[in-house]
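Engineer:
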């Protein structure tokens, strides 16, 4: 694993990464997931994003650094995970995914898990 870009802040530790990727996998099953930097941007602009997950090993990282700014504007928590390959796998695709957004859904079974994870991510940001 190469050196993680210091701009990738906040970076989830191993345990939190597993929790995040697990929830992303469930969100994909419930059709509550948008994959890719462009789709994540759209969910933020539309105000339907619960939280945004980005890959810290993106090359060049600058292609997704507009997302934290937009997320802060919209008061949406965001977090980096170390590997785009793992993020892609969690999203249910064979390609690496550099960013994804878990979207909100009224009667969702994931609501409590999403809330717990948002709290954990917000703790990182403090």
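Numbering (the UniProt record's numbering), first residue to last: 1 to 126.
Quick reminder that beta carbons are idealized off the backbone N, C-alpha and C, glycines included.
(1) Pull the bridge partners of residue 103 from the DSSP assignment, please.
(2) Work out the CA separation of residue 94 and residue 74 for me, nearest whole Å.
(3) Whose C-beta lies closer than 6 Å to the C-beta of residue 1 among residues of the same chain, with five residues either side of it excluded?
(4) Three-state secondary structure (DSSP) at residue 1?
(5) Going by the beta-carbon positions, is the gap between residue 109 and residue 30 smaller than 9 Å?
(6) For the UniProt domain "Ribosomal protein eL8/eL30/eS12/Gadd45" (20-109), list the beta strand (DSSP E) runs that are entirely contained and at least 3 residues long, ordered along the chain.
(7) Residue 89 to residue 52, Cα distance in whole Å?
(8) Which residues does DSSP list as the beta-bridge partners of residue 16?
(9) Using a Cβ distance threshold of 8 Å, determine whether the stretch 39-57 contacts the stretch 99-107, with at least three qualifying pairs required.
(10) Enumerate in chain order the residues of its own chain whose CB-to-CB distance from residue 86 is below 7 Å, with the five nearest sequence positions on each side excluded.
(11) Since I believe residue 121 is in contact with residue 77 (beta carbons under 8 Å), could you give me their beta-carbon distance rounded to a whole number of angstroms?
(12) Report, in whole angstroms, the separation of the C-beta atoms of residue 82 and residue 17, which I expect to be a contact under 8 Å.
Structural biologist: Working from what's here:
(1) Counting from 1 along the chain shown, the entry for residue 103 is found at position 103. In the DSSP assignment, residue 103 is bridged to 49.
(2) Position 74 of the chain shown, counted from the first residue, corresponds to residue 74. Position 94 of the chain shown, counted from the first residue, corresponds to residue 94. If you draw a straight line from the Cα of residue 74 to the Cα of residue 94, it is about 30 Å long.
(3) Working through the chain shown from its first residue, we reach residue 1 at position 1. Its pLDDT being 45, under 50, residue 1 is placed unreliably in this model, and the value from its coordinates should be taken loosely. Within its own chain, no residue has a Cβ closer than 6 Å to the Cβ of residue 1 once the five positions on either side in sequence are excluded.
(4) In the chain shown, counting from the first residue as 1, residue 1 sits at position 1. Any reading at residue 1 must be qualified, since the residue scores a pLDDT of 45, below 50, and its modelled position is unreliable; no value is offered.
(5) For the purposes of this step, residue 109 is taken as the residue at position 109 of the chain shown. For the purposes of this step, residue 30 is taken as the residue at position 30 of the chain shown. Yes, they are a contact pair.
(6) Within the UniProt domain "Ribosomal protein eL8/eL30/eS12/Gadd45" (20-109), the complete beta strand (DSSP E) runs of at least 3 residues are 33-35, 49-55, 78-81 and 99-103.
(7) Within the chain shown, residue 89 is the residue found at index 89, counting from 1. Within the chain shown, residue 52 is the residue found at index 52, counting from 1. The alpha-carbon atoms of residue 89 and residue 52 are separated by roughly 16 Å.
(8) Here residue 16 refers to the residue found at position 16 when the chain shown is read from its first residue. The partner list for residue 16 (beta bridge, DSSP) is empty, contrary to what the question assumes.
(9) The stretch 39-57 is in contact with the stretch 99-107.
(10) In the chain shown, residue 86 corresponds to position 86, counting from 1. Result list for residue 86: 21, in chain order.
(11) Position 77 of the chain shown, counted from the first residue, corresponds to residue 77. Position 121 of the chain shown, counted from the first residue, corresponds to residue 121. Going by Cβ atoms, the distance from residue 77 to residue 121 rounds to 4 Å, so yes, they are a contact pair.
(12) Taking the first residue of the chain shown as position 1, residue 82 is located at position 82. Taking the first residue of the chain shown as position 1, residue 17 is located at position 17. Indeed they touch by this definition, with Cβ atoms about 6 Å apart.
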